[in-house]
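Protein chains: 2
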Amino acid sequence: MTPMGSGGEPDIDGERLLRRLRELSAFGRTAEGGITRPGFSEAGRQADAFLIDQARRANLHAEVDAAGNVLFGRAAIDRTRPALLLGSHLDTVVNGGWLDGAYGVVSALEVVQVLAERHIDLDCDVVAIAFANEEGALFPQAFWGSMVAAGLLGSLPGPPADHEGRPLAPALALAGGDLDALPSAVWPPPSVRGYLELHIEQGPILDAGPERIGIVDAITGRAVLAVDLIGEAAHAGTTPLNARADALLGAAHLVIATRELAAQGLCHVASVGHLQVEPNSANTLAGHARLLVDLRDADAARLTKAEDTVRDQAGSIAARLGLGVRCRRMVRSEPAAMDAGIRRHIAGSAAALGLAARVMSSGAGHDAQIMAGITPTGMIFVPSIGGVSHVPQEDTAPADLLAGARVLLGATLRLLACPDRRNGYRP
Amino acid sequence: MTPMGSGGEPDIDGERLLRRLRELSAFGRTAEGGITRPGFSEAGRQADAFLIDQARRANLHAEVDAAGNVLFGRAAIDRTRPALLLGSHLDTVVNGGWLDGAYGVVSALEVVQVLAERHIDLDCDVVAIAFANEEGALFPQAFWGSMVAAGLLGSLPGPPADHEGRPLAPALALAGGDLDALPSAVWPPPSVRGYLELHIEQGPILDAGPERIGIVDAITGRAVLAVDLIGEAAHAGTTPLNARADALLGAAHLVIATRELAAQGLCHVASVGHLQVEPNSANTLAGHARLLVDLRDADAARLTKAEDTVRDQAGSIAARLGLGVRCRRMVRSEPAAMDAGIRRHIAGSAAALGLAARVMSSGAGHDAQIMAGITPTGMIFVPSIGGVSHVPQEDTAPADLLAGARVLLGATLRLLACPDRRNGYRP
Chain P
17 MTPMGSGGEP
27 DIDGERLLRR
37 LRELSAFGRT
47 AEGGITRPGF
57 SEAGRQADAF
67 LIDQARRANL
77 HAEVDAAGNV
87 LFGRAAIDRT
97 RPALLLGSHL
107 DTVVNGGWLD
117 GAYGVVSALE
127 VVQVLAERHI
137 DLDCDVVAIA
147 FANEEGALFP
157 QAFWGSMVAA
167 GLLGSLPGPP
177 ADHEGRPLAP
187 ALALAGGDLD
197 ALPSAVWPPP
207 SVRGYLELHI
217 EQGPILDAGP
227 ERIGIVDAIT
237 GRAVLAVDLI
247 GEAAHAGTTP
257 LNARADALLG
267 AAHLVIATRE
277 LAAQGLCHVA
287 SVGHLQVEPN
297 SANTLAGHAR
307 LLVDLRDADA
317 ARLTKAEDTV
327 RDQAGSIAAR
337 LGLGVRCRRM
347 VRSEPAAMDA
357 GIRRHIAGSA
367 AALGLAARVM
377 SSGAGHDAQI
387 MAGITPTGMI
397 FVPSIGGVSH
407 VPQEDTAPAD
417 LLAGARVLLG
427 ATLRLLACPD
437 RRNGYRP
Chain L
17 MTPMGSGGEP
27 DIDGERLLRR
37 LRELSAFGRT
47 AEGGITRPGF
57 SEAGRQADAF
67 LIDQARRANL
77 HAEVDAAGNV
87 LFGRAAIDRT
97 RPALLLGSHL
107 DTVVNGGWLD
117 GAYGVVSALE
127 VVQVLAERHI
137 DLDCDVVAIA
147 FANEEGALFP
157 QAFWGSMVAA
167 GLLGSLPGPP
177 ADHEGRPLAP
187 ALALAGGDLD
197 ALPSAVWPPP
207 SVRGYLELHI
217 EQGPILDAGP
227 ERIGIVDAIT
237 GRAVLAVDLI
247 GEAAHAGTTP
257 LNARADALLG
267 AAHLVIATRE
277 LAAQGLCHVA
287 SVGHLQVEPN
297 SANTLAGHAR
307 LLVDLRDADA
317 ARLTKAEDTV
327 RDQAGSIAAR
337 LGLGVRCRRM
347 VRSEPAAMDA
357 GIRRHIAGSA
367 AALGLAARVM
377 SSGAGHDAQI
387 MAGITPTGMI
397 FVPSIGGVSH
407 VPQEDTAPAD
417 LLAGARVLLG
427 ATLRLLACPD
437 RRNGYRP
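Going down the list, the protein sequences come from chains P and L.
Each residue of the first sequence is one higher than the one before, counting from 17 in our numbering.
Each residue of the second sequence is one higher than the one before, counting from 17 in our numbering.
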C-alpha cells in the first residue's frame, strides 16, 4: 500500500491556506500592523477558537489538552496509537509578525485536512498541534506547550506566573487547559513516530539565495549571560581619567569582545542586544551597566567554551578598569540535531516538487528543539523577506508559503510510506 | 584706610556657618538622605525664605530680583554703586548633596554679615547672591539667574517652560520674580568690581592631596554631542555577522573612541555616561543607539577640535558597520579663565591663614563662568570627600568648610584693600 487516495496526487489547497493565515492575523493586530498575541491572552484564545472552528467545519476533530495545546486530527486523539506530529505555535511576541508560528500550524492543519479529504489510508495518526506559549511573551515559560507534550517540563518550582506575578492557572483554564492535569497532555515517546515543523527562516539566508526551501540540520543551542559591571557613578567633568571606574566603558569593551568571539569562529553568533546603564546621565559616569550576552552554537561543548570565554573576558576587562563584575547564566538551551532520515524525506519531497533546497541550521529556537528530545524531528524553512521577523514587516512571498506547505505534505507522505515506519524513522 | 574694623582681625563665625548649612539641608531632603531642591520648586522657595529670614534677623537687607535671585547686602541694593559680588546657588539636582551651591551662598552671606558686624568701612558694596536655577533640574534653563544678572540671557526663543511644558512665569512669580521685568535684574558691568565664588570641588583631586584650598585658574568649556546610530533591528540568533547593522556595536566603538580622545591628551576629559538602546532585548540586535558624548576642555579651540573628532569617528564607525549616523550639538559652553589678580588675592588669603593651596581647573560648570563674561572673577575650591558630588553622600570635613569661608573673607578684604580697586581688579 502506498499512502495515496483517490483523485491523483494529493495537494494542499493554497487558497484555503492563505485565507486562514490572513484571517488568523486579525487576532491581536496592532496599530503598527503587527501582531501582539501572547500565549494565554484574549487574542490567543480567539486565534485558538478560530482554528478549532475551521477544523470542525471540515469535519476534523479538535481538542485542547491540559497544557493549552490545540490538537487537530481525523478522530479523537488517542495517545496510545502511533502518531506523526506536525506543528508549531500560534502565540507571538509583542508587535511581532503574522507568520512566525502561525504558518506552521495552519500548514499542519492543512496537511491533516488534505489527508482526510483524500481518504488516504494510514496506519499512523497524523496530528496537527498548536503548541501553547512558545514565545513566552506574557507568561515567561517559553516552549511551555512542547515541554509538557514531550514530558520534559519537570517539576515546577512553584505556581507559574506572568511577568507581573499573575498566576498561570486561571489563564490556562480560560484557554481550556488544566494546570493540575498536565500529565494527561504528555505523549508517551513510543507512540510518537516523529515530529515535523514548517517555519519561516527568520533570517536573511534563503531570501538572499536561489533556494526556496531550507532543510534544518540543527537548531543551535543558546546561552544568555547577564553580566553586571559595577563602577562608581562620578561627575563626568571633575573626575580625572585615572580616578574613574566607568561601568559603561567596561560594557563597551565587552560588547566588542563578544562580537570578536563570533568573528574569530569560536561561536556561531554572539551578540549583545540589551544594555542598561545607571544613572544614564550625560554628566555622570556610569556606576552600573548590565549586559545580556547572547551566544548560539550547534555544538554544546563550543557553547560552553564560549560562555567561559565571556566570563573570562568580563573578568579581565573589569580588573583592568577597576570594576566589580558578576555573571549569571539566564538561559541555556541545548543544541538539537534534526533526524537524518527525516531530512532525506524533506529533501526528496522538495526535489519531487522541483524546489531547490539547502541544508542550514536554525539560529532561533523552536518547539522542534524540545520534541527532538523524544522523537526523530525535522524542520522545513521558507524565506523571510529581508530576513526580518518578530516585527510587523515580517513576510514571505505567497508562492514560498505554498511551496513550504507542499514540502510538508510531501515529507509527511514519504515518512508514512517509508518501509521501516513501524519502527520509527531513525536511519 | 584698610578695610579693618574694631576688635582685631575679622573672622567668620564657624558655628553659625555650619548651623545654617545644616538647617538649609532640611529643605528638599529625600528618603535617601540627599536633597531634591530644583530651582523654582516649593523646596527652593523654602530655602530662599530661610536665608532671607536669617539675614533680616541679622539686620541685613535681603531682596529678590526679577530673575528670582536672592540678594543680601548691608543696605538696599543699588546697581549704580560699585559692588563686589559673592555668590553661588541654592538649587540642587535630583537627590543631590547638601553643599553644592548652598556652601557658597551661606559663606557669602557670612562674609557680608561679618563685614557689617565689624562695621568695616568700605567704598564698595559687598553683595551676596543666591543665583536662581544654576542646575536646571526642573526648568532646563541652567545658569538662569547668573545669565540674567550678567545681562547675557539674550532674547528668549519663547516662554520658558519646564521639562513637562509647565511655564516658568508663574513659578518665577511665586519665588518673588517677574518674567516681564528681567532687565531690572541686570548688573551694569561698570558697577561690578568682581565676582567671587566658593564651592566644593566635586572631584577627587584636593581630597587625595595635601592641599585644602583649590585656586581655580579656568572653568573648562563643555560640549555635549548627541550621536544617533541607526542600524537594523534583527534576530540575534538568525542574522549572520555579515548581514548585521548592529547599532549597539557601533555605540561600543564610539564609547571607546571617546575615552581614547582624552587618554591621548586631545581633550581634558571625554566621557559617555548616557546610552539608550532600542529595542534593548537580548534576542534582538539593536536598531538604534543614542549616546551623549560629553567633552570638557579649558581651551575653546581644542574643544571644537574634539567635537570635530567625535563627529569624524562616529562617521567612520558608522560607515564601517553599515550604520546611519546623526550628530547634534546639545550643549556648548565656552571655557572661562579666572582673573589672575583675583587668583593672587585668593592665594594670599590662603597663605596668610597657613592653608596649603593648589591651582586647578574646574571640570564642572559654575555661575562663575557666566559672571566671568562681564567682570573679573575668581573661584575657591575645598575638598569633596571621596570626590563625590550630586549624590546624597556629598560631603566636606567641617574644618575644610571653615577654611574655605575664611579664604573667601580674606580674599574679599584683600580685593577691597587693593590700591587699584577703583578701576576693577584686572592685573
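Glycine included, each C-beta is placed from N, C-alpha and C at the ideal position.
Identify every residue that forms a DSSP beta bridge with residue i.
i         : result
Pro-183/L : Ala-177/L
Gln-292/P : Arg-306/P
Thr-274/L : DSSP lists no partner for Thr-274/L.
Phe-88/P  : Ala-78/P, Ala-144/P
Met-346/L : Looking at the DSSP assignment, Met-346/L forms no beta bridge with any residue, so it has no partner.
His-361/L : In DSSP, His-361/L forms no bridge with anything.
Asp-355/P : The partner list for Asp-355/P (beta bridge, DSSP) is empty, contrary to what the question assumes.
His-251/L : Thr-300/L
Phe-56/P  : Beta-bridge pairing links Phe-56/P to no other residue.
Ala-234/P : Ala-353/P, Ser-377/P
Gly-10/P  : As displayed, chain P neither begins before 17 nor continues past 443, which places residue 10/P out of reach and without an answer.
Ala-413/P : Its beta-bridge partners do not exist; DSSP assigns none.
Leu-496/L : The requested residue 496/L is not part of the displayed model; chain L covers only 17 to 443.
Leu-311/P : Ala-239/P, Ala-286/P
Thr-320/P : BP columns for Thr-320/P are empty, so no partner.
Ile-396/L : Leu-214/L, Ile-231/L
Gly-112/P : Ile-51/P
His-105/L : Phe-147/L
Please look up how many angstroms separate the CB atoms of residue i and residue j, rounded, as I've assumed it's under 8 Å.
i         : j         : result
Asn-111/L : Thr-52/L  : 6 Å
Thr-236/P : Pro-156/P : Actually they do not touch by this definition, with Cβ atoms about 21 Å apart.
Glu-213/P : Asp-383/P : 6 Å
Ile-386/L : Leu-168/L : 6 Å
Val-240/P : Asp-310/P : 5 Å
Ala-99/L  : Ala-124/L : Wrong, their Cβ atoms sit about 13 Å apart, outside the cutoff.
Asp-196/L : Ser-405/L : With 8 Å as the limit, Asp-196/L and Ser-405/L do not qualify as a contact, their Cβ atoms being about 35 Å apart.
Ala-330/L : Val-341/L : 5 Å
With 16 as the cutoff for other CB atoms within 10 Å, does residue i come out buried or exposed?
i         : result
Ser-378/L : buried
Glu-248/L : buried
His-269/L : buried
His-361/P : buried
Met-163/L : buried
Asn-299/P : buried
Arg-442/P : Unreliable placement is indicated for Arg-442/P, whose pLDDT of 37 sits below 50; the coordinate value is still reported in the next sentence. So Arg-442/P ends up on the exposed side.
Thr-412/P : buried
Leu-257/L : exposed
Asp-262/P : buried
Pro-26/P  : buried
His-105/L : buried
Gln-129/P : buried
Arg-344/P : exposed
Gln-280/P : exposed
Pro-435/L : Confidence at Pro-435/L is low in this model, with a pLDDT of 47, below 50, so the placement of that residue should be treated as unreliable; the coordinate-derived value is given next. Pro-435/L comes out exposed.
Ala-47/P  : exposed
Leu-154/L : buried
Thr-18/L  : Because Thr-18/L carries a pLDDT of 39, less than 50, the predicted location of this residue cannot be relied on, and the following value inherits that uncertainty. Exposed, since its Cβ has fewer than 16 Cβ neighbours within 10 Å.
His-251/L : buried
Leu-307/L : buried
Ala-224/L : exposed
Thr-96/L  : exposed
Glu-410/L : buried
- Query: Of all the residues that make up the region 316–337 of chain L, which are near chain P by a beta-carbon distance shorter than 7 Å?
  - Reply: none
- Message: For a minimum of 4 consecutive residues, which ranges assigned as the alpha helix (DSSP H) are wholly contained in the region 189–228 of chain P?
- Response: 221–224
- Please name the residues in the region 218–237 of chain L whose beta-carbon is closer than 9 Å to at least one beta-carbon of chain P, in chain order. Gln-218, Gly-219, Pro-220, Ile-221, Ala-224, Thr-236
- Message: At a CB distance below 7 Å, what residues from the region 293–311 of chain P approach chain L? Give them in sequence order.
- Response: Val-293, Asn-296, Ser-297, Ala-298, Asn-299, Thr-300, Leu-301, Ala-302, Leu-308, Asp-310
- Item | Contact set between the region 195–216 of chain L and chain P, restricted to residues whose Cβ is under 8 Å from the partner | none
- Using Cβ-Cβ distances below 9 Å, what residues of the region 371–396 of chain L are close to chain P? Ser-378, Gly-379, Ala-380, Gly-381
- Task: Determine which residues of the region 28–62 of chain L have a Cβ less than 8 Å from any Cβ of chain P, and write them out in chain order.
- Result: none
- Query: For the region 82–112 of chain P, which residues have a CB atom closer than 9 Å to at least one CB atom of chain L, in sequence order?
  - Reply: Val-109
- Item | Where the region 244–264 of chain P meets chain L: residues whose CB sits under 9 Å from a CB there | Glu-248, Ala-249, Ala-250, His-251, Ala-252, Gly-253, Thr-254, Thr-255, Pro-256, Leu-257, Ala-259, Arg-260, Asp-262, Leu-264
- Message: Residues of the region 270–286 of chain P in Cβ contact with chain L at a cutoff of 7 Å, in chain order, please.
- Response: Val-271, Ile-272, Arg-275, Ala-278, Ala-279, Val-285
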